[in-house]
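Residue numbers (our numbering): 8 to 742.
Built from N, CA and C at the ideal position, the CB exists for glycine as well.
Nothing here was measured: the structure is a model prediction, and the numbers come from that model.
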């Protein structure tokens with residue numbers, strides 16, 4: 008892996024000397040775009056080039072040429088006022104003649120005004136996603152392990168705990184600074200259900216207001232060819248761009264939708280959205296080309312989602328006795344307001360969830376997941392977020408109550424200060440302790456090498472006056488249309504050990520194939536002095552332990568409670584033929600054990616925890632569309648896992664059919680056989696069916712019923728059988 012890192016650096020060191028700003032991509036040559044900024048129009052040239060990707064000709068509209076990436080980034084800030092989705096790329100061999108002509112006729116001391124074809128933004132065809140449209144993304148895996156995978160035995164809830172490495176600012180998309188979903192994360196999910204999982208992730212991103220992430224996922228779905236989800240993806244990529252403030256792009260996406268799907272209730276809904284955008288742009292008509300930001304007309308937007316879900320699990324033994332294992336009703340709301348006036352962008356976000364448990368003895372759960380105010384000043388010089396939020400960069404992970412402030416003193420350099428109180432959810436308890444606080448100082452350097460971005464940080468966390476976390480680290484990102492690399496290192500200066508190290512490499516291959524390699528090395532849980540509280544009775548704070556122990560003893564207790572998790576995963580995907588994809592993955596992981604704590608006065612004895620040893624997982628699958636009926640989706644997967652105390656073989660088959668425009672039906676069948684090291688064995692058969700109904704643009708309903716039959720045998724007991732069923736009912740109201 009270190010050799011791979013050196014090779015990537017050497018690749019970046021031999022980059023071309025000139026850069027261009029990419030405006031859009033289409034299947035037909037539509038000429039150049041008119042630049043509203045006269046300074047840019049006099050210094051640079053707008054042009055169109057033809058390029059072939061996987062045998063398909065595309066025409067890219069560009070602005071050039073820039074002698075350095077810093078020069079290009081300075082111009083990009085102005086270009087995005089007219090074209091929010093613009094991004095920087097290196098010049099290619101196809102541009103050599105255009106570049107040479109420009110150099111010969113445009114001396115630096117006397118720039119010439121380029122000749123441009125007058126094409127309005129609204130006349131540009133919809134962007135055609137290609138490899139380059141995702142060039143400015145970073146691959147980072149979603150770290151979530153369960154007992155049935157290759158990770159630790161305990162399920163890690165990455166949305167709420169400090170184990171969420173992916174929640175850090177590992178991806179910064181051109182349109183926003185929010186954390187985006189990466190290609191590697193999508194590839195990690197791909198071996199299970201590919202398109203279906205991508206659409207679920209995209210919907211979740213919309214609900215969570217992570218619009219840059221939603222745009223990337225919908226783009227991914229659209230680039231995978233014809234499928235049962237293409238029409239829905241085409242509509243909602245427009246919704247995501249509209250909510251992200253990319254009004255010109257949203258207009259183009261809606262027009263593209265109506266070209267492909269001109270009839271039906273969904274088309275009427277899209278036509279209404281398009282009319283709303285065009286009506287806003289037509290006021291006044293003489294300024295049709297100028298965006299709302301350019302006009303500095305205040306723009307308010309209110310949107311969100313309300314939902315309820317009921318889930319029930321009933322288990323029936325062989326003698327007919329039944330027990331309700333779980334029965335709960337989850338009610339949630341996500342409300343947002345957004346204001347833009349061309350100079351400032353402001354947003355508020357509120358997200359809350361209440362879970363009512365019908366099982367006797369269980370407690371209800373109410374939590375506020377988000378409650379913050381966001382503001383971006385003109386030219387993105389100051390970016391600030393205050394309130395309850397998730398850590399996005401500079402070593403901050405998990406939720407916290409506090410502030411995240413960034414100051415950009417040049418297009419390529421930004422300093423960040425993040426400070427607050429950690430927030431941890433544990434059942435019905437919200438651990439918001441003001442005696443535990445942190446602060447982090449970060450420095451972002453965009454383009455410190457061609458195609459490379461970097462973030463350096465230092466973090467300090469105090470609990471009851473005792474150093475809890477003390478760390479330094481960095482994040483590096485390398486991106487080109489063909490490959491990307493991401494690495495993140497966190498070193499604990501308090502413990503003198505690496506806290507975590509993650510490396511992710513993605514490579515696009517011929518024949519619509521891709522390869523992802525993910526390496527992970529981390530302490531579990533993160534190195535923190537407060538880990539010494541694990542397993543203790545009669546004490547609840549660091550102050551309680553510190554009353555009888557020294558800081559050195561506290562650190563030793565914390566190390567006793569901390570394991571080491573290591574994993575290496577490779578994922579390969581390839582298009583075999585039209586509407587048929589193949590994917591395969593292999594992974595190995597290891598979670599070490601923890602030491603015992605005994606014989607210390609005032610400290611509860613804690614037994615050692617056994618490690619997993621090396622665990623292996625191998626998977627392969629096929630994804631096809633339009634096999635049994637038009638626009639259906641069919642997935643088949645096989646997986647073999649060699650786990651800590653058992654070997655598992657599982658087969659999964661699922662389909663999804665679209666009935667009319669508003670109904671979707673998805674049957675699924677899963678079979679699993681497990682052989683334990685102690686001679687026991689079990690078999691499971693789980694058929695299920697999922698039904699979704701979209702009444703209109705606001706109301707969506709879904710239900711899923713799963714039946715599971717399980718038989719278990721051992722060397723000393725007769726075969727035991729039990730069955731269970733799961734019911735899921737719910738609805739969304741989108742406003």
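Whole-Å CB distance - residue i paired with residue j, under 8 Å assumed
i: residue 28; j: residue 82; result: 6 Å
i: residue 535; j: residue 475; result: 5 Å
i: residue 719; j: residue 689; result: 4 Å
i: residue 742; j: residue 707; result: With 8 Å as the limit, residue 742 and residue 707 do not qualify as a contact, their Cβ atoms being about 12 Å apart.
i: residue 32; j: residue 67; result: 5 Å
i: residue 426; j: residue 445; result: 7 Å
i: residue 643; j: residue 679; result: The pair is not a contact, with the Cβ atoms about 15 Å apart (cut-off 8 Å).
i: residue 624; j: residue 646; result: 7 Å
Of the listed residues the options, nearest to residue i (C-alpha basis)
i: residue 484; options: 456, 504 and 431; result: 456
i: residue 459; options: 493, 429, 596 and 446; result: 493
i: residue 411; options: 392, 239 and 243; result: 392
i: residue 105; options: 53, 355, 74 and 255; result: 53
i: residue 532; options: 482, 598, 557 and 481; result: 598
i: residue 336; options: 249, 364, 589 and 592; result: 364
i: residue 506; options: 422, 426 and 403; result: 403
i: residue 368; options: 454, 704, 332 and 401; result: 332
i: residue 419; options: 58, 79, 226 and 46; result: 79
i: residue 312; options: 608, 705, 503 and 564; result: 705
i: residue 26; options: 99, 90 and 381; result: 99
i: residue 614; options: 564, 71 and 646; result: 564
i: residue 712; options: 672, 727, 280 and 701; result: 672
i: residue 495; options: 489, 358, 555 and 479; result: 479
i: residue 314; options: 348, 359 and 350; result: 359
i: residue 256; options: 612, 89 and 213; result: 89
i: residue 727; options: 268, 323 and 396; result: 323
i: residue 352; options: 306, 378, 328 and 372; result: 306
i: residue 554; options: 668, 610 and 464; result: 610
Rounded straight-line distance, which links the Cα of residue j to that of residue i
i: residue 263; j: residue 385; result: 32 Å
i: residue 580; j: residue 513; result: 11 Å
i: residue 339; j: residue 376; result: 10 Å
i: residue 520; j: residue 208; result: 21 Å
i: residue 69; j: residue 450; result: 31 Å
i: residue 684; j: residue 568; result: 27 Å
i: residue 116; j: residue 50; result: Any reading at residue 116 must be qualified, since the residue scores a pLDDT of 30, below 50, and its modelled position is unreliable; no value is offered.
i: residue 334; j: residue 693; result: 20 Å
i: residue 55; j: residue 699; result: 44 Å
i: residue 638; j: residue 682; result: 39 Å
i: residue 721; j: residue 657; result: 20 Å
i: residue 430; j: residue 394; result: 11 Å
i: residue 448; j: residue 428; result: 15 Å
i: residue 432; j: residue 374; result: 8 Å
i: residue 330; j: residue 731; result: 9 Å
i: residue 524; j: residue 641; result: 26 Å
i: residue 666; j: residue 636; result: 10 Å
i: residue 260; j: residue 714; result: 41 Å
i: residue 93; j: residue 501; result: 43 Å
i: residue 224; j: residue 627; result: 22 Å
i: residue 517; j: residue 491; result: 16 Å
i: residue 242; j: residue 265; result: 9 Å
i: residue 211; j: residue 401; result: 25 Å
i: residue 571; j: residue 616; result: 12 Å
i: residue 381; j: residue 249; result: 18 Å
i: residue 734; j: residue 408; result: 36 Å
i: residue 607; j: residue 618; result: 24 Å
i: residue 527; j: residue 77; result: 32 Å
Any non-hydrogen atom of the ligand SAH closer than 7 Å to residue i Cβ
i: residue 584; result: Annotation note on the ligand SAH: not contained in the displayed structure, which lists no ligands.
Proximity of residue i and residue j at Cβ, strictly below 8 Å
i: residue 651; j: residue 620; result: yes
i: residue 228; j: residue 236; result: yes
i: residue 631; j: residue 586; result: yes
i: residue 588; j: residue 577; result: no
i: residue 549; j: residue 612; result: no
i: residue 415; j: residue 388; result: yes
i: residue 310; j: residue 737; result: no
i: residue 594; j: residue 574; result: yes
Counting only runs of 3+ residues fully inside the region 421-505, write out the beta strand (DSSP E) ranges in chain order. 436-439, 443-456, 459-470, 473-486 and 490-499
Only counting runs of 4 or more residues, tell me where the alpha helix (DSSP H) segments fall wholly within the region 507-562, in order along the chain. Counting whole runs of 4 or more residues, the region 507-562 contains the alpha helix (DSSP H) stretches 549-553.
Can you list, in chain order, the stretches of the beta strand (DSSP E) that have 3 or more residues and sit fully within the region 323-356? 329-347
Unbroken alpha helix (DSSP H) runs of length 4 or more, entirely within the region 384-425: which are they? none
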